[in-house]
Amino acid sequence: MRKFVFNLRLFFESARLSYIALFRWLRPGTYAASKIIMPLADIMFFTFIGIYANGVEAAPFYVIGNAMHLAAINGIYGVTMSVGGDRWEGTLPYLFGVPGSRLFTFLGRAFFHLLDGSLNVIIGLLLGWLIWQLDFSQANLLLLGAAIATATIATCGMGLALGALGLVTVNIMFINNLFFFLLLIFAGANVPIEQFPNWMQTISQFIPLTRSIAAARLIINGAHLADVQSMLLVELLIGAAYALLGFIIFRTFEYQARLRGTLEAI
Amino acid sequence: MSERNIAIRYIRPILMSAGVLFKQQATDLFVIFTVVIQPMIVALLALWMLGDAVDDAIYIVVGSGMTGLWSGLLFNGGNSITRERWTGTLETIVGLPTAMQVIVIGKNLANVTQSMASMIACYTISSLFFGYPLVVQQPWLFAISLVFTGIAFVSFALILAPLFILNPAVRSFQNGMEFPVFLLSGFLFPILLLPNWTNPISYALPTYWAARALHITSQGLATRHELLFVWAMLLGFSALYLIMSSWIFRAVLRKARVDATLNMQ
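Sequence lines, in order, name chains L and W. Under the working numbering, the residues of the first sequence are numbered 8 to 273, in order. Under the working numbering, the residues of the second sequence are numbered 713 to 977, in order.
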C-alpha cells in the first residue's frame with residue numbers, strides 16, 4: 008500500500024513537473040499562438056475549403072473533424088516532448104536513477120496533456136458554434152465529453168509511443184509533424200473514410216481519432232451511448248496499445264542504454 | 713561603382729550565402745517536411761475535398777504549393793538570422809565587411825528557391841497519383857508571376873528575419889502565423905467566403921497577390937489589366953519591404969555593435 012501511494016505521488020509529481028517544464032518557460036504569447044491561434048486557424052482553413060466544395064451546410068462535418076483532431080496537438084507534440092525532452096535536457100540519468108515505478112513515471116508524462124488536449128477540442132467546438140452555429144441541441148454533452156476524453160487519451164497513447172521513439176532518434180520533430188498530419192488525413196477529419204482506397208481504410212482502423220471523430224459527429228446529431236460505446240471502447244484499446252508499445256520501447260531503451268553506456272548518446 | 717565592384721560587393725556574397733544555406737538545408741528533415749511533405753498532404757486533402765468543386769486541378773496544385781512557399785518563408789526565412797544566433801555565428805556575420813542585409817538576401821533566395829519545390833511536389837501528386845491532366849494555361853505569364861512572387865517573398869523575409877531576432881515576442885507568434893495566412897491569402901478558396909472585414913488584411917499581404925497572380929495565369933484567366941495591377945502590387949510590396957528592412961537592419965546592427973545585446977535570448 009505504501010509503495011502504491013509512493014508511486015501515485017510519483018505519477019502526479021512527474022505529470023505536474025513535465026507539464027510545467029514544457030510550458031512554463033514559454034511566454035504566454037507562445038502558448039496562445041501554439042494552443043489557440045494556430046489550432047483555430049487550422050479548423051477555419053479546412054472548414055472554409057469544405058464550405059467552398061460542399062456549401063455552408065457541410066460546415067459541421069469539417070468543424071467537428073478538425074476540432075477533434077486538435078486533441079493531437081497535446082497528444083502528439085506535448086506528450087512526445089515531455090517524454091523525449093529528458094534526453095535533450097540531460098535529465099535521463101536522474102530519471103533512470105529514481106527507485107519508483109517506471110510505468111507511473113512514464114504514464115505521468117501524459118496526464119496534464121489529457122486535460123489540456125480536451126480543452127483544445129472544446130475551444131475548437133465552441134468556435135464552430137460561434138462562427139457556423141454548430142448545433143448542440145441534440146447532443147448529450149456528457150457523452151460528447153466522453154468522446155473528447157477518448158480522443159485525447161488515444162492520441163496521448165500514440166504520443167507516448169512516439170516520445171519513446173524520441174529517445175532513440177534525433178529526428179523526432181519530423182516524426183511528430185508527419186504523424187500529426189497523417190492523422191489529419193487517415194482519421195477522416197476532412198474526408199469521409201469511405202472515399203479512401205481500401206489500404207487507407209485499413210490503416211484508419213488502427214489509429215487514434217478515427218472512431219472518436221465518427222462518434223462525436225454521431226453524438227452531436229443525437230446518438231445515444233449504445234450507438235457509440237463500442238467505438239469509444241475500441242479507440243481506448245488502440246490508445247492503450249500504443250502506450251504499451253511506447254512503454255516497451257522506453258524499457259528497452261533503458262536496458263540497452265545501461266548495458267552499452269549509451270544513455271546520453273545523441 | 714564598376715560592374716566588377718557590384719559583383720564583389722553584392723552578387724558574389726548573395727550567391728555564396730544562398731549556396732551554403734541550400735546545401736545545409738537540403739538534408740534538413742524539418743525543411744523537407746515544411747516545403748515538400750506538408751504541401752503534398754494539403755494537396756492530397758484538397759484534391760479529395762475540392763476535386764469536383766473546381767474546374768481545374770491546377771488551382772489546387774498552385775494553392776497547395778503556395779502553402780509550402782509561405783511555410784518555408786515563415787519558418788526557414790524567418791529564422792535565417794535566429795539560426796545564426798543558435799549556432800553562435802551571428803557576431804561573425806555582423807562583423808563582416810559585407811552588409812548583413814546582403815547575406816540575408818542570399819539566404820532568403822535559397823529558402824524561396826527551395827520552397828518552390830512545394831509546387832513540384834503538389835504537381836507530382838496531382839498528376840501521377842490522381843491522374844489529373846495539369847496544364848498551365850499561360851505559361852510565360854505564370855513564369856513571370858513566379859519570379860515576381862519570389863522577389864516579393866525574399867523581400868518579405870527581409871522584414872521577418874530581423875524582426876524575429878529583435879523582438880522574441882513577435883517570434884513567439886510564429887506558429888500562429890502559418891494557417892491564418894493560408895486563410896487570408898485565398899490559397900485554396902476565394903477570400904470572398906471570409907467575412908468582409910478581413911478583406912483589407914488580405915489585400916495587405918503579398919501572399920494574397922502572389923496567389924492571385926499564379927491562380928489566374930495558371931488557369932488562363934489573366935487579363936492584361938488585372939495582371940499588370942497584380943504584378944505592380946507585388947513589386948510595390950517588394951520595394952516597400954526593402955526600404956523597411958534597411959531601417960530594421962540598422963536597429964539589429966545597433967543592438968549588436970552599440971548595446972552588445974544581440975546574442976542575448
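C-beta: ideal position from N, C-alpha, C; glycine also.
{"Asked": "Contacts around threonine 919 of chain W, its chain only, beta-carbon distance under 6 Å, and the 5 residues preceding and following it disregarded", "Found": "Trp782, Val893 and Ser897"}
{"Asked": "Reduced DSSP category for asparagine 184 of chain L - H, G, I as helix; E, B as strand; rest coil", "Found": "helix"}
{"Asked": "Asparagine 820 of chain W at chain L interface by Cβ criterion, 8 Å", "Found": "no"}
{"Asked": "Whether asparagine 14 of chain L touches asparagine 81 of chain L by CB criterion (8 Å)", "Found": "no"}
{"Asked": "Residues of the region 170-193 of chain L whose Cβ lies closer than 8 Å to any Cβ of chain W, in chain order", "Found": "Asn178, Met180, Phe181, Asn184, Leu185, Phe188, Leu189, Leu191 and Ile192"}
{"Asked": "Proximity test, Cβ basis, 8 Å: glutamine 208 of chain L and chain W", "Found": "no"}
{"Asked": "Cβ-Cβ distance between asparagine 820 of chain W and phenylalanine 876 of chain W below 8 Å", "Found": "no"}
{"Asked": "Contact belief for leucine 757 of chain W with asparagine 197 of chain L at Cβ below 8 Å, rounded distance in angstroms", "Found": "5 Å"}
{"Asked": "Glutamine 849 of chain W: contacting residues in chain L (beta-carbon distance under 9 Å)", "Found": "Correct list: empty, because the minimum Cβ distance to chain L is about 21 Å."}
{"Asked": "Below-8 Å beta-carbon distance, asparagine 887 of chain W vs any chain L residue", "Found": "yes"}
{"Asked": "Nearest candidate by alpha-carbon position, reference glutamine 915 of chain W, set W:Leu933, W:Arg936, W:Thr794 and W:Gly948", "Found": "Before going further, note that residue 915 of chain W is tyrosine rather than glutamine in the sequence given. With distances taken between Cα atoms, tyrosine 915 of chain W lies closest to W:Gly948."}
{"Asked": "Under 8 Å (Cβ pairs) to chain W, residues found in the region 57-84 of chain L", "Found": "Gly57, Ile58, Tyr59, Ala60 and Asn61"}
{"Asked": "Proximity to isoleucine 903 of chain W [Cα-Cα], best of W:Gly775, W:Asp768 and W:Gly888", "Found": "W:Gly775"}
{"Asked": "Alanine 168 of chain L vs alanine 250 of chain L beta-carbon contact at 8 Å", "Found": "yes"}
{"Asked": "Residues from the region 748-774 of chain W in contact with chain L, defined by Cβ distance under 9 Å", "Found": "Ile749, Gln750, Ile753, Val754, Leu756, Leu757, Ala758, Trp760, Met761, Leu762, Gly763, Asp764, Ala765 and Val766"}
{"Asked": "Interface partners of isoleucine 44 of chain L on chain W, CB under 9 Å", "Found": "Phe885, Asn887, Gly888, Met889, Phe891 and Pro892"}
{"Asked": "Range of the contiguous alpha helix (DSSP H) that encloses threonine 929 of chain W", "Found": "918-930"}
{"Asked": "Spatial neighbours of glutamine 849 of chain W in its chain, beta-carbon cut-off 7 Å, leaving aside the 5 residues before and after", "Found": "Ser930, Gln931 and Gly932"}
{"Asked": "Contacts that phenylalanine 901 of chain W makes with chain L (C-beta to C-beta distance below 8 Å)", "Found": "Phe55, Ile56, Ile58 and Tyr59"}
{"Asked": "Outcome for serine 237 of chain L when other beta-carbon atoms lying within 10 angstroms are tallied against a minimum of 16", "Found": "exposed"}
{"Asked": "Proximal chain W residues relative to valine 86 of chain L, where beta-carbon distance stays under 7 Å", "Found": "Per Cβ cutoff of 7 Å: no residues; valine 86 of chain L is ~18 Å from chain W at best."}
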